[in-house]
Amino acid sequence: MSAAFLLPVNAAPQAAVEPSDSAVSPDFPRPLASPAQAEAAAAKLAPRLFAQAGETDVVGAFPTREFDWLRAAGLLTAGLPARLGGAELHTPAATHSLLKVLQHIGRGNLAVGRVFEGHLNALQLIQQLGNAAQVARYAADARAGRLFGVWNTEIPSEGVHLEALPNGRYRLRGAKTFASGAGHVARPLITGALPDGQGWQLFVLPADARPPVLDSSFWRPLGMRASASFRADLTGLELGPEDLIGPPNAYYRQPAFSGGAIRFAAVQLGGAEAVFEETRGFLRSLGRTDDPYQRQRLGEMAIALESGRQWLRGAADHAARPDAATDEGAEATVAYANMTRTAIENISLDMLQKAERCVGARGLLQPLPFERLHRDLTHYLRQPAPDGALADVGRFVLDGKHFEA
Numbered sequence: 001m002s003a004a005f006l007l008p009v010n011a012a013p014q015a016a017v018e019p020s021d022s023a024v025s026p027d028f029p030r031p032l033a034s035p036a037q038a039e040a041a042a043a044k045l046a047p048r049l050f051a052q053a054g055e056t057d058v059v060g061a062f063p064t065r066e067f068d069w070l071r072a073a074g075l076l077t078a079g080l081p082a083r084l085g086g087a088e089l090h091t092p093a094a095t096h097s098l099l100k101v102l103q104h105i106g107r108g109n110l111a112v113g114r115v116f117e118g119h120l121n122a123l124q125l126i127q128q129l130g131n132a133a134q135v136a137r138y139a140a141d142a143r144a145g146r147l148f149g150v151w152n153t154e155i156p157s158e159g160v161h162l163e164a165l166p167n168g169r170y171r172l173r174g175a176k177t178f179a180s181g182a183g184h185v186a187r188p189l190i191t192g193a194l195p196d197g198q199g200w201q202l203f204v205l206p207a208d209a210r211p212p213v214l215d216s217s218f219w220r221p222l223g224m225r226a227s228a229s230f231r232a233d234l235t236g237l238e239l240g241p242e243d244l245i246g247p248p249n250a251y252y253r254q255p256a257f258s259g260g261a262i263r264f265a266a267v268q269l270g271g272a273e274a275v276f277e278e279t280r281g282f283l284r285s286l287g288r289t290d291d292p293y294q295r296q297r298l299g300e301m302a303i304a305l306e307s308g309r310q311w312l313r314g315a316a317d318h319a320a321r322p323d324a325a326t327d328e329g330a331e332a333t334v335a336y337a338n339m340t341r342t343a344i345e346n347i348s349l350d351m352l353q354k355a356e357r358c359v360g361a362r363g364l365l366q367p368l369p370f371e372r373l374h375r376d377l378t379h380y381l382r383q384p385a386p387d388g389a390l391a392d393v394g395r396f397v398l399d400g401k402h403f404e405a
């Protein structure tokens, strides 16, 4: 990876968030006409992402080339409606296709999958909560190749606040951490506290015109090195009313807030699938396919992977349930999403352990991909509040409620 992708401490790059030349060429992006076409495009791209992943695995780097490939494949607009140049992945009925797209990208490169999931999440939130003019404006940005993301994590003592100015404007104070894609995401969707306890406001920061100050020294991770998840200080930047998305606290409405966990679970399952595929290929290359213990472990891994696929299918069914907007439907959808993320976490951890036993110490040596896959998947599995998610499932079933979609 070129050193040009590395960001210095407190850097605030602007050029990196502009679309590349390939992103604005006359034949870009190539539109995808349906969810099925988006699935096929992601599946086709996954091996190419995987082959490149080792080159991008550098602290502070970003998979710029890989996102050019996603742009060229039409995947950055796939979450938009067809009338805006998308493949309809934003609809509840297409949730299973959306999850399969994310699984394919995660199979190719978990760092790419993490940033891509945030891109799709942001576009979906804008469509759900924004007004018609905002949806049209940000859809045009996506068609131009600009990346979106969601930055919500912060240290409470230095969290983001909106300070009121005249004419409905605000000045920002505070910082976000784990700001994935920082320096490359042109349109991060961010939460901030309104004055006088009015709640949390979601807004889009035009980071190419108003770049935050980035601290890359924050990002010294075990894995997911190339996701560029830096600290982003927004202090002093200003917003207009046109940048605000939805009313206060809209971001935390259920089932969209907690139910969205199925998207990162899909990316994680893609990583587990890559572990499985590489383990199988490694044993074949050594001629160990007749070993009964290896066969047993591969059989258990195959069962676990198929279990994960069924969890995603069930989660998609719940996301598309006709009563999802009701209190009862939202509660069931969130509980099922919490089961799904918990199950896929367990599946992924078990997959890693069995793969280690299959490949032994030899398989964990570079340049083989297991060491990187282990780091990336282990790190990405550390999502917020796993115990709370599982406890919520327990509360749901103890209350005598049901999961029928």
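With the first letter of the sequence shown counted as 1, position 41 gets the number 41 in the working numbering; the numbers rise by one all the way through. From the three backbone atoms N, C-alpha and C, an ideal C-beta is built for every residue, glycine too.
Please list the segments of the alpha helix (DSSP H) lying wholly inside the region 361-404, counting only runs of 4 or more residues, in order along the chain.
Listed in chain order, the complete alpha helix (DSSP H) runs (minimum 4 residues) inside the region 361-404 are 370-380 and 386-398.
List the endpoints of the continuous alpha helix (DSSP H) containing Gly192.
By 1-based counting over the sequence shown, the position of residue 192 is 192. Note, Gly192: premise wrong, no alpha helix (DSSP H); beta strand (DSSP E) at Arg187 to Ala193.
According to DSSP, simplified to helix, strand and coil, what is His96?
Sequence index remark: in the sequence shown, residue 96 carries index 96 (1-based). Of the three classes helix, strand and coil, the one that applies to His96 here is helix, per DSSP.
What does the alpha-carbon distance come out to for the pair Val334 and Glu154?
To locate residue 334, count along the sequence shown from 1; it is residue 334. To locate residue 154, count along the sequence shown from 1; it is residue 154. In a straight line, the C-alpha of Val334 is about 23 angstroms away from that of Glu154.
What does the Cβ neighbour count give for His90, buried or exposed, with the cut at 16 atoms within 10 Å?
Start at 1 with the first residue of the sequence shown, and residue 90 comes out as number 90. Counting Cβ neighbours within 10 Å, His90 comes out buried, since at least 16 surround it.
Can you tell me which of the three DSSP states Ala209 falls into?
Locating residue 209 in the sequence shown gives position 209, counting from the first residue. If DSSP states are grouped into helix, strand and coil, Ala209 belongs with coil.
Check Arg146 in the structure and name its three-state DSSP category.
Within the sequence shown, numbered from 1, the residue matching residue 146 stands at position 146. Here Arg146 sits in coil by DSSP.
Considering only DSSP beta bridges, list what Leu201 is partnered with.
Taking the first residue of the sequence shown as position 1, residue 201 is located at position 201. Just to set this straight, residue 201 is Gln in the shown sequence, not Leu. Bridge partners of Gln201: Gly192.
Report all residues from its chain with a CB closer than 7 angstroms to the CB of Gln198; omit the five preceding and five following residues, and keep chain order.
Within the sequence shown, numbered from 1, the residue matching residue 198 stands at position 198. Cβ neighbours of Gln198 beyond the five flanking positions: Pro248.
Mark Leu222 as exposed unless 16 or more other C-beta atoms lie within 10 angstroms of its C-beta, in which case mark it buried.
For the purposes of this step, residue 222 is taken as residue 222 along the sequence shown, with counting starting at 1. Classification for Leu222: exposed.
Which residue marks the beginning of the alpha helix (DSSP H) containing Glu300, and which one marks its end?
Within the sequence shown, the letter at position 300 stands for residue 300. Counting along the chain, the alpha helix (DSSP H) containing Glu300 begins and ends at Pro292 to Ala319.
In the DSSP assignment, what residue or residues form a beta bridge with Arg231?
Mapped onto the sequence shown, residue 231 falls at position 231. Per DSSP, Asp215.
Strictly by DSSP, which residues pair up with Leu172?
On the sequence shown, residue 172 is found 172 positions in, with the first residue counted as 1. The partner list for Leu172 (beta bridge, DSSP) reads Leu162.
So what's Phe419 in DSSP terms, helix, strand or just coil?
The structure shown does not extend to residue 419, since the chain spans only 1 to 405, so no value can be given for it.
Can you tell me whether DSSP reads Ile262 as helix, strand or coil?
Taking the sequence shown and counting its residues from 1, the one referred to as residue 262 is at position 262. Correct three-state label for Ile262: helix.
My guess is that Ala46 and Ala78 are in contact by the Cβ rule of under 8 angstroms, so how many angstroms apart are they, rounded?
Along the sequence shown, one-based indexing puts residue 46 at 46. Along the sequence shown, one-based indexing puts residue 78 at 78. With a Cβ gap of about 15 angstroms, Ala46 and Ala78 do not count as contacting.
Return the chain-ordered ranges of every beta strand (DSSP E) run that is complete within the region 43-111 and spans a minimum of 3 residues.
Counting whole runs of 3 or more residues, the region 43-111 contains no beta strand (DSSP E) stretch at all.
Report the three-state DSSP secondary structure of Glu238 (helix, strand or coil).
Stepping through the sequence shown from its first residue, residue 238 is reached at position 238. In this structure, Glu238 counts as strand in the three-state DSSP scheme.
Go ahead and pull the three-state DSSP assignment for Leu125.
On the sequence shown, residue 125 is found 125 positions in, with the first residue counted as 1. In the structure shown, Leu125 sits in a helix (DSSP, three-state: H, G or I).
What distance in whole Å lies between the Cβ atoms of Leu99 and Ala424, which are believed to be in contact at a cut-off of 8 angstroms?
Any answer about residue 424 is impossible in this case: the structure gives the chain only from 1 up to 405.
Taking a contact to mean a Cβ-Cβ separation below 7 angstroms, would you say Arg173 touches Thr235 in this structure?
By one-based count along the sequence shown, residue 173 stands at place 173. By one-based count along the sequence shown, residue 235 stands at place 235. Yes, the Cβ-Cβ distance between Arg173 and Thr235 is below 7 angstroms.
Reducing DSSP to helix, strand and coil, say where Ile245 ends up.
For the purposes of this step, residue 245 is taken as the residue at position 245 of the sequence shown. DSSP places Ile245 in strand when its eight states are reduced to three.
Label Asn167 either buried or exposed according to how many other C-beta atoms from any shown protein chain fall within 10 Å of its C-beta, with 16 as the threshold for buried.
The sequence position of residue 167 within the sequence shown is 167, counting from 1. Exposed, since its Cβ has fewer than 16 Cβ neighbours within 10 Å.
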